[in-house]
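Engineer: One structure coming up, written as structure tokens, with questions to follow.
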Amino acid sequence: MPNYTAPVKDMQFLLHNVLKVTAADTPGYSDLDEGFTFAVLEEAGKVASEVLAPLNAIGDREGCVLENGVVRTPTGFKSAFEAMRDGGWTALDCDPDYGGQGLPYLMGTAVGEIFVSANMAFNMYQGLTHGAYSAIHTHGTAEQKAKYLPRMVSCDWTGTMNLTEPHCGTDLGLMRTKAEPQADGSYHITGQKIFISAGEHDLADNIIHLVLAKAPGGGEGTKGISLFIVPKFLVNDDGSLGARNALSVGKIEEKMGIHGNATCVMNYDGATGWLLGDLHKGMRAMFTMMNEARLGVGLQGYAVAEAAYQNALAYAKDRLQGRAVTGTENPSGPADPLIVHPDIRRNLMEQKSFVEGARALTFWGASLIDRSVRQGDAAAEGLVSLMIPVIKGFQTDKGFEMAVQAQQVFGGHGYIEEWGMSQFARDARIAQIYEGANGVQALDLVGRKLAQDGGKHVMVFFEMVKAECRAHDGDDRMKGFTDPLKVASKQLQTAGMFFMQNGMKNPNAALSGSYDFMHLMGHVCLGLMWTRMAKAAFDALDAGATDTDFYHAKIATGRFYMARQLPACLMHLARIESGAETVMALHADAF
Ligand SMILES: Cc1cc2nc3c(=O)[nH]c(=O)nc-3n(C[C@H](O)[C@H](O)[C@H](O)COP(=O)(O)OP(=O)(O)OC[C@H]3O[C@@H](n4cnc5c(N)ncnc54)[C@H](O)[C@@H]3O)c2cc1C
Numbered sequence: 008m009p010n011y012t013a014p015v016k017d018m019q020f021l022l023h024n025v026l027k028v029t030a031a032d033t034p035g036y037s038d039l040d041e042g043f044t045f046a047v048l049e050e051a052g053k054v055a056s057e058v059l060a061p062l063n064a065i066g067d068r069e070g071c072v073l074e075n076g077v078v079r080t081p082t083g084f085k086s087a088f089e090a091m092r093d094g095g096w097t098a099l100d101c102d103p104d105y106g107g108q109g110l111p112y113l114m115g116t117a118v119g120e121i122f123v124s125a126n127m128a129f130n131m132y133q134g135l136t137h138g139a140y141s142a143i144h145t146h147g148t149a150e151q152k153a154k155y156l157p158r159m160v161s162c163d164w165t166g167t168m169n170l171t172e173p174h175c176g177t178d179l180g181l182m183r184t185k186a187e188p189q190a191d192g193s194y195h196i197t198g199q200k201i202f203i204s205a206g207e208h209d210l211a212d213n214i215i216h217l218v219l220a221k222a223p224g225g226g227e228g229t230k231g232i233s234l235f236i237v238p239k240f241l242v243n244d245d246g247s248l249g250a251r252n253a254l255s256v257g258k259i260e261e262k263m264g265i266h267g268n269a270t271c272v273m274n275y276d277g278a279t280g281w282l283l284g285d286l287h288k289g290m291r292a293m294f295t296m297m298n299e300a301r302l303g304v305g306l307q308g309y310a311v312a313e314a315a316y317q318n319a320l321a322y323a324k325d326r327l328q329g330r331a332v333t334g335t336e337n338p339s340g341p342a343d344p345l346i347v348h349p350d351i352r353r354n355l356m357e358q359k360s361f362v363e364g365a366r367a368l369t370f371w372g373a374s375l376i377d378r379s380v381r382q383g384d385a386a387a388e389g390l391v392s393l394m395i396p397v398i399k400g401f402q403t404d405k406g407f408e409m410a411v412q413a414q415q416v417f418g419g420h421g422y423i424e425e426w427g428m429s430q431f432a433r434d435a436r437i438a439q440i441y442e443g444a445n446g447v448q449a450l451d452l453v454g455r456k457l458a459q460d461g462g463k464h465v466m467v468f469f470e471m472v473k474a475e476c477r478a479h480d481g482d483d484r485m486k487g488f489t490d491p492l493k494v495a496s497k498q499l500q501t502a503g504m505f506f507m508q509n510g511m512k513n514p515n516a517a518l519s520g521s522y523d524f525m526h527l528m529g530h531v532c533l534g535l536m537w538t539r540m541a542k543a544a545f546d547a548l549d550a551g552a553t554d555t556d557f558y559h560a561k562i563a564t565g566r567f568y569m570a571r572q573l574p575a576c577l578m579h580l581a582r583i584e585s586g587a588e589t590v591m592a593l594h595a596d597a598f
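In our numbering, the protein residues as written are 8 to 598.
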């Protein structure tokens with residue numbers, strides 16, 4: 008069975024050496040001193056290793072079962088959920104007015120990574136609740152907040168997000184679920200939603216569904232959509248639970264991974280709901296939380312890859328096969344461990360350099376969200392919204408790829424369920440699809456985000472990369488980072504120029520290159536992160552840090568990324584510059 012140990016040292020490095028959180032002027036950051044963050048992360052790591060990780064394979068094997076309208080989660084999930092609740096882990100970055108601990112989102116993100124790595128399917132029950140909490144917190148009336156939030160913060164009640172219908176996923180304008188206004192101000196919701204994560208289960212007393220539906224008078228397409236609070240059990244004015252609402256689970260889906268999370272068809276048969284936010288502005292309300300929700304999925308991409316990597320590394324050190332080409336390294340054994348072989352090294356280095364780079368990008372993204380939400384910093388908001396499709400799309404694509412590579416280290420044993428490596432690959436796969444499939448992330452990046460506010464945010468990003476390189480001029484140790492970063496950033500700018508020059512007269516030219524652009528930008532972002540991390544590591548060594556192995560490994564891993572991964576940018580640029588011609592050449596009938 009796979010093991011998991013929280014990468015506390017690496018997280019501490021990011022928080023204190025790279026982001027230098029206590030020196031940042033973001034509200035709440037000055038409290039995040041090294042001792043405090045260490046204690047939180049260590050404790051979260053214990054819960055992850057001792058409680059959540061042992062349930063990961065059980066959840067995968069047993070899955071969720073629907074019996075007589077009730078969904079039973081896998082063995083151990085209920086008591087683990089209680090442990091999470093009792094430990095206050097569900098309330099970390101929630102508003103203290105509703106029982107939360109008020110920590111920055113950045114800390115919620117770091118702890119979230121630890122829990123996702125240990126058990127992604129389990130963590131989704133809390134993750135979805137957090138999304139619904141944020142929506143009510145941002146758009147709810149005072150009465151709605153008082154009624155729902157305290158129980159959602161504690162996860163006594165969980166939450167869901169209901170967007171998808173059988174005929175509409177990406178194109179929500181086709182939505183058919185209806186909301187009929189009632190004399191008392193409530194609405195009756197009728198329709199079917201599919202693929203609803205945590206739609207029904209036995210972990211909480213109530214489930215607060217947030218449902219998108221069309222209310223009369225809103226017009227066609229997405230304009231007519233509103234957002235509604237539709238609880239499984241109606242909530243009385245005194246907070247006690249009332250009648251069962253007219254909603255039910257139709258079935259739970261059989262699926263490739265995340266078996267421990269119930270993915271439900273939800274039937275709303277005139278269920279009572281209350282408007283959340285403004286009428287006909289449901290899309291806007293739902294997508295206010297988009298940055299957080301998509302960052303959370305981007306995090307799933309590398310968090311699962313981290314767990315897979317840890318196990319691949321242990322196996323590579325333990326499994327004896329063949330001899331090192333440069334001479335025996337384990338003379339007393341029948342063969343050398345896998346890790347002596349250059350191709351296994353390549354594989355492990357690709358995993359390690361991706362996971363650590365993606366963690367840095369995600370933590371930086373979370374810190375921008377804190378600045379934008381807690382300080383109303385518009386520049387931070389602009390920058391993070393540019394970065395979000397990259398964090399979501401690039402990191403989940405690579406996360407899956409790396410989980411498959413980790414499986415590869417095990418050879419045939421990776422394909423056999425016993426070792427648990429196939430679960431990582433199967434679980435990681437969904438993150439490329441939900442919360443906006445990755446092709447749609449690329450569309451969002453190229454079709455919307457690049458040009459947003461007159462292209463201001465992408466210019467800020469390019470300036471930031473330039474400034475980072477300039478800051479290390481004259482430091483020979485940094486040349487292995489800044490030289491490739493300059494080249495890659497130039498390639499990204501050239502790709503952007505290609506879209507500007509060709510996209511207007513031929514939109515296909517831009518859209519057929521959008522996926523490559525998302526990956527090109529992902530590499531530049533990770534190149535930037537590795538440059539920052541290398542500088543922080545050199546600084547720590549210069550300052551006489553004792554754990555020199557850690558910092559030397561950090562620099563060596565960064566060098567690998569710059570030398571072996573960043574050159575992919577050239578390939579992406581070549582594809583982009585080839586335009587739409589070869590992509591669109593065939594008639595649909597000719598395929
Ligand atoms: C396990 C699981 C859990 C989920 N959880 C939830 C949940 O909790 N709540 C919820 O509401 N939904 C949930 N979903 C639904 C998920 O968000 C959708 O499946 C996803 O948004 C894609 O929608 P679709 O499946 O209808 O695909 P479609 O919209 O039919 O898209 C199919 C493919 O076409 C591409 N595509 C579509 N339009 C375009 C375009 N204009 N240009 C280029 N490419 C395009 C997409 O990228 C995709 O690859 C879940 C799905 C799964 C499988």
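Don't be surprised by glycine CBs; every beta carbon is placed ideally from N, CA and C. Note that this is a predicted model, so its numbers are computed, not measured.
Quick check: the region 46-56 against the region 229-246, are there 3 or more CB pairs under 8 angstroms?
Structural biologist: no
Engineer: Alpha carbon to alpha carbon, how far is residue 217 from residue 391?
Structural biologist: Reading the sequence shown from its first residue, position 210 is the one you call residue 217. Reading the sequence shown from its first residue, position 384 is the one you call residue 391. Going by the C-alpha atoms only, they are around 25 angstroms apart.
Engineer: Please list, in chain order, all residues of the same chain as residue 259 whose beta carbon is under 7 angstroms from its beta carbon, the five residues on each side excluded.
Structural biologist: Residue mapping note: residue 259 aligns to position 252 of the sequence shown, counting from 1. Within the same chain, residue 259 has close Cβ partners 71, 73, 78, 269, 270 and 271.
Engineer: Suppose you measure from the CA of residue 297 to the CA of residue 429; what does that come to, to the nearest Å?
Structural biologist: Taking the sequence shown and counting its residues from 1, one reaches residue 297 at position 290. Taking the sequence shown and counting its residues from 1, one reaches residue 429 at position 422. Going from the Cα of residue 297 to the Cα of residue 429 covers about 30 angstroms.
Engineer: Run the CB neighbour count on residue 571, radius 10 Å, all protein chains shown included, and call it buried at 16 or more, exposed below.
Structural biologist: For the purposes of this step, residue 571 is taken as residue 564 along the sequence shown, with counting starting at 1. By the neighbour-count rule (16 or more Cβ atoms within 10 Å), residue 571 is not buried but exposed.
Engineer: Would you report the Cα separation of residue 438 and residue 405, rounded to the nearest angstrom?
Structural biologist: Here the question's residue 438 lines up with position 431 in the sequence shown. Here the question's residue 405 lines up with position 398 in the sequence shown. The alpha-carbon atoms of residue 438 and residue 405 are separated by roughly 11 angstroms.
Engineer: Evaluate the contact criterion for the region 357-373 versus the region 563-580: three or more CB pairs, one atom per stretch, below 8 angstroms.
Structural biologist: yes
Engineer: Nearest-angstrom Cα distance between residue 264 and residue 62?
Structural biologist: Mapped onto the sequence shown, residue 264 falls at position 257. Mapped onto the sequence shown, residue 62 falls at position 55. If I take the Cα positions, the gap works out to 14 angstroms.
Engineer: Any heavy atom of ligand 1 within a distance shorter than 7 angstroms of the CB on residue 431?
Structural biologist: As a working note, residue 431 is residue 424 in the sequence shown. Checking the Cβ of residue 431 against ligand 1 gives no.
Engineer: DSSP beta-bridge partners for residue 238?
Structural biologist: Numbered from 1 along the sequence shown, position 231 holds the residue referred to as residue 238. Paired residues: 215.
Engineer: I'd like the ranges of any alpha helix (DSSP H) spanning at least 4 consecutive residues and lying wholly in the region 20-55.
Structural biologist: 41-54
Engineer: With respect to the beta strand (DSSP E) encompassing residue 277, which residues constitute its N-terminal and C-terminal limits?
Structural biologist: Counting from one through the sequence shown, the residue named residue 277 turns up at place 270. Looking at the DSSP string, the run of the beta strand (DSSP E) that includes residue 277 is 270-282.
Engineer: Does the count of Cβ pairs from the region 22-36 and the region 121-140 closer than 8 angstroms reach three?
Structural biologist: The region 22-36 makes no contact with the region 121-140, as fewer than three CB pairs between them are under 8 angstroms.
Engineer: Which term fits residue 114, buried or exposed, when burial requires 16 or more other beta carbons within 10 angstroms of its beta carbon?
Structural biologist: Against the sequence shown, residue 114 aligns to sequence position 107. Residue environment for residue 114: buried (at least 16 other C-beta atoms within 10 angstroms of its C-beta).
Engineer: Look up residue 165 in the DSSP assignment and say whether it is helix, strand or coil.
Structural biologist: Your numbering for residue 165 matches position 158 in the sequence shown. Strand.
Engineer: Where does residue 337 land, buried or exposed, given buried means 16+ other C-beta within 10 angstroms?
Structural biologist: Numbered from its first residue, the sequence shown carries residue 337 at position 330. Exposed, by the Cβ-count rule.
Engineer: Can you list, in chain order, the residues of its chain with a C-beta nearer than 7 angstroms to that of residue 468? Leave out the 5 residues immediately preceding and following it.
Structural biologist: Counting from one through the sequence shown, the residue named residue 468 turns up at place 461. Hits under 7 angstroms: 390 and 393.
Engineer: Looking at residue 171 and ligand 1, is the gap between the Cβ and the nearest heavy atom below 7 angstroms?
Structural biologist: To locate residue 171, count along the sequence shown from 1; it is residue 164. Yes, the beta carbon of residue 171 sits closer than 7 angstroms to at least one heavy atom of ligand 1.
Engineer: Can you tell me whether residue 175 is helix, strand or coil according to DSSP?
Structural biologist: Locating residue 175 in the sequence shown gives position 168, where the first residue counts as 1. In the structure shown, residue 175 sits in a strand (DSSP, three-state: E or B).
Engineer: Buried or exposed: which applies to residue 486, given that a residue is buried once 16 or more other Cβ atoms fall within 10 Å of its Cβ?
Structural biologist: The sequence position of residue 486 within the sequence shown is 479, counting from 1. Counting Cβ neighbours within 10 Å, residue 486 comes out exposed, since fewer than 16 surround it.
Engineer: Between residue 227 and ligand 1, is there a pair consisting of the residue's CB and a ligand heavy atom that are separated by less than 7 angstroms?
Structural biologist: Taking the sequence shown and counting its residues from 1, the one referred to as residue 227 is at position 220. No, ligand 1 has no heavy atom inside 7 angstroms of this Cβ.
Engineer: For residue 598, does the count of other Cβ atoms within 10 angstroms reach 16, so buried, or fall short, so exposed?
Structural biologist: Reading the sequence shown from its first residue, position 591 is the one you call residue 598. Burial call: exposed.
Engineer: Distance check for residue 81 and residue 211, CA to CA, integer angstroms please.
Structural biologist: As a position in the sequence shown, residue 211 is number 204, starting the count at 1. As a position in the sequence shown, residue 81 is number 74, starting the count at 1. Going by the C-alpha atoms only, they are around 14 angstroms apart.
Engineer: Buried or exposed, going by whether 16 or more other CB atoms sit within 10 Å of the CB of residue 398?
Structural biologist: In the sequence shown, the residue the question calls residue 398 occupies position 391. With 16 or more Cβ atoms within 10 Å of its Cβ, residue 398 is classed as buried.
Engineer: Could you tell me which of 107, 525 and 340 sits nearest to residue 403, measuring between CA atoms?
Structural biologist: Within the sequence shown, numbered from 1, the residue matching residue 403 stands at position 396. Measuring from the Cα of residue 403, the nearest candidate turns out to be 525.
Engineer: Which runs of the alpha helix (DSSP H), 4 residues or longer, sit entirely within the region 379-437?
Structural biologist: 385-416, 419-422 and 428-436
Engineer: Taking only three categories from DSSP, how would you classify residue 79?
Structural biologist: Counting from 1 along the sequence shown, the entry for residue 79 is found at position 72. Looking at residue 79 - three-state DSSP - the assignment turns out to be strand.
Engineer: Could you have a look at residue 220 and say whether DSSP puts it in helix, strand or coil?
Structural biologist: Stepping through the sequence shown from its first residue, residue 220 is reached at position 213. In the structure shown, residue 220 sits in a strand (DSSP, three-state: E or B).
Engineer: Could you round the C-beta distance between residue 573 and residue 514 to whole angstroms and report it? I think they count as a contact, below 8 angstroms.
Structural biologist: Residue numbering aside, residue 573 sits at position 566 when the sequence shown is read from its first letter. Residue numbering aside, residue 514 sits at position 507 when the sequence shown is read from its first letter. About 29 angstroms; that fails the 8 angstroms criterion.
Engineer: Helix, strand or coil: how does DSSP classify residue 573 here?
Structural biologist: Taking the sequence shown and counting its residues from 1, the one referred to as residue 573 is at position 566. Residue 573 falls in the coil class under three-state DSSP.
Engineer: By how many angstroms is the C-alpha of residue 154 removed from the C-alpha of residue 418?
Structural biologist: As a position in the sequence shown, residue 418 is number 411, starting the count at 1. As a position in the sequence shown, residue 154 is number 147, starting the count at 1. Distance from the CA atom of residue 418 to the CA atom of residue 154, rounded to whole angstroms, is 53 angstroms.
Engineer: Tell me which residue opens and which closes the beta strand (DSSP E) that residue 197 is part of.
Structural biologist: Here residue 197 refers to the residue found at position 190 when the sequence shown is read from its first residue. 194-204 is the span of the beta strand (DSSP E), which, as asked, contains residue 197.
Engineer: Using a threshold of 8 angstroms, state whether the C-beta atoms of residue 256 and residue 138 are closer than that.
Structural biologist: Translated into the one-based positions of the sequence shown, residue 256 becomes position 249. Translated into the one-based positions of the sequence shown, residue 138 becomes position 131. Their beta carbons are not under 8 angstroms apart, which means residue 256 does not touch residue 138 by this criterion.
Engineer: In three-state DSSP terms, what is residue 86?
Structural biologist: Position 79 of the sequence shown holds residue 86. Helix.
Engineer: Tell me, please, whether the region 465-483 touches the region 149-165 by the rule of three or more beta-carbon pairs shorter than 8 angstroms.
Structural biologist: no
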